[in-house]
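Residue numbering for the sequence shown follows our numbering, beginning at 48 and increasing consecutively.
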Amino acid sequence: MHTLLENMSFPEVEDYLKEKDTVLVPVGSVEQHSEYGVIGTDFIAAEGVAREVGQKMGLMVAPTIHYGVSPHHMDFAGSVTLSPITFLHLIVDICCSFIRHGFSRIFFINGHGGNKNALASAFQQVKMDGGRGQLELFSWYDGLKETEIVRELFQDQDGSHATPSEISLTMLLRPAVFAERAFEDKQNETPDYYWPLTAEEMRGTFPDGRMGASSWLASVEKGRLVMTVAVETLIEKIEKRQSIPVL
Ligand SMILES: [Zn+2]
Numbered sequence: 048m049h050t051l052l053e054n055m056s057f058p059e060v061e062d063y064l065k066e067k068d069t070v071l072v073p074v075g076s077v078e079q080h081s082e083y084g085v086i087g088t089d090f091i092a093a094e095g096v097a098r099e100v101g102q103k104m105g106l107m108v109a110p111t112i113h114y115g116v117s118p119h120h121m122d123f124a125g126s127v128t129l130s131p132i133t134f135l136h137l138i139v140d141i142c143c144s145f146i147r148h149g150f151s152r153i154f155f156i157n158g159h160g161g162n163k164n165a166l167a168s169a170f171q172q173v174k175m176d177g178g179r180g181q182l183e184l185f186s187w188y189d190g191l192k193e194t195e196i197v198r199e200l201f202q203d204q205d206g207s208h209a210t211p212s213e214i215s216l217t218m219l220l221r222p223a224v225f226a227e228r229a230f231e232d233k234q235n236e237t238p239d240y241y242w243p244l245t246a247e248e249m250r251g252t253f254p255d256g257r258m259g260a261s262s263w264l265a266s267v268e269k270g271r272l273v274m275t276v277a278v279e280t281l282i283e284k285i286e287k288r289q290s291i292p293v294l
């Protein structure tokens with residue numbers, strides 16, 4: 048069975064809706080991930096995990112929302128941001144489209160912390176407008192971080208941006224991109240900081256784009272483990288939330 052919406056015809060979607068009510072929507076960002084990770088890290092990771100979960104659970108996966116809310120990364124070349132308001136409108140419109148077709152569980156598989164507030168506000172707006180159904184946000188790494196695997200692989204050096212766990216996933220998913228890259232070890236020191244930051248404050252506080260992450264610890268082998276545990280824990284969370292009846 049196809050699990051990617053982009054590869055289905057409309058009668059196939061209608062058939063899917065006779066059996067199932069859930070669509071997974073990967074959402075990421077287009078932003079710097081230090082010199083170690085690539086600009087697409089967040090959407091590559093979210094999409095990879097969502098597709099694996101979709102395949103295993105027989106759930107439809109929608110086309111990925113690549114761009115997200117990344118204003119604090121805008122002093123690093125190649126980063127592209129939506130304003131929180133633009134992103135909110137995008138999410139509301141996507142939810143309303145799926146609701147119109149009869150999907151009653153729209154589950155966003157997120158790869159970027161900066162998207163969370165706007166996603167939550169978008170859900171509130173859909174609900175205020177009377178949109179029926181269950182809107183949920185799962186970040187692919189939420190379940191992973193509740194396990195020991197991150198500590199085992201990265202010894203408390205995973206940090207919060209350009210993390211070796213997300214970079215490992217992208218190495219697994221886009222091996223050709225990393226074929227020519229060599230990772231050099233650096234020092235990992237995290238200063239105290241307030242949040243949110245402007246682009247200038249971000250670059251001033253984290254000049255090389257990493258936030259507490261020993262990004263050089265990433266590898267394809269670790270990516271394989273990260274993928275396995277992220278997918279397992281996410282399936283568990285999704286199943287739990289799917290058991291709630293939709294009114
Ligand atoms: Zn990221």
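Beta carbons: idealized from backbone N, C-alpha and C, even for Gly. A quick note: this is a predicted structure, and the numbers were derived from the prediction, not measured.
- Distance from the CA of Met249 to the CA of Ser81, rounded to the nearest whole angstrom, comes to 12 Å.
- Fewer than three pairs of CB atoms, one per stretch, sit closer than 8 Å, so the stretch 181 to 199 makes no contact with the stretch 113 to 126.
- Taken from the Cβ of Ala246, every heavy atom of ligand 1 lies 8 Å or farther away.
- Unbroken alpha helix (DSSP H) stretches of 4 residues or longer found wholly inside the stretch 121 to 176: 131 to 147 and 163 to 175, given in chain order.
- Taking C-alpha positions only, Pro292 is separated from Arg152 by approximately 10 Å.
- The alpha-carbon of Ser207 is positioned some 33 Å away from that of Asp68.
- DSSP places Phe253 outside any alpha helix (DSSP H), giving it a letter other than H or E.
- Approximately 5 Å separates the beta-carbon atoms of Glu53 and Pro110; this is inside 8 Å, confirming the contact.
- For Gly158, the Cβ falls inside the 8 Å cut-off from some heavy atom of ligand 1.
- Closer than 8 Å to some heavy atom of ligand 1: that does not describe the Cβ of Thr237.
- The alpha-carbon of Met107 is positioned some 5 Å away from that of Val70.
- Under the rule that a run must span 3 or more residues, no beta strand (DSSP E) segment is found entirely inside the stretch 211 to 289.
- By the neighbour-count definition (other C-beta atoms within 10 Å, threshold 16), Asp89 is a buried residue.
- With a threshold of 8 Å, the Cβ atom of His80 counts as near ligand 1, since some heavy atom of the ligand is closer than that.
- At a Cβ-Cβ threshold of 9 Å, Leu216 and Ala260 do not count as neighbours.
- Per DSSP, reduced to three states, the secondary structure at Leu52 is helical.
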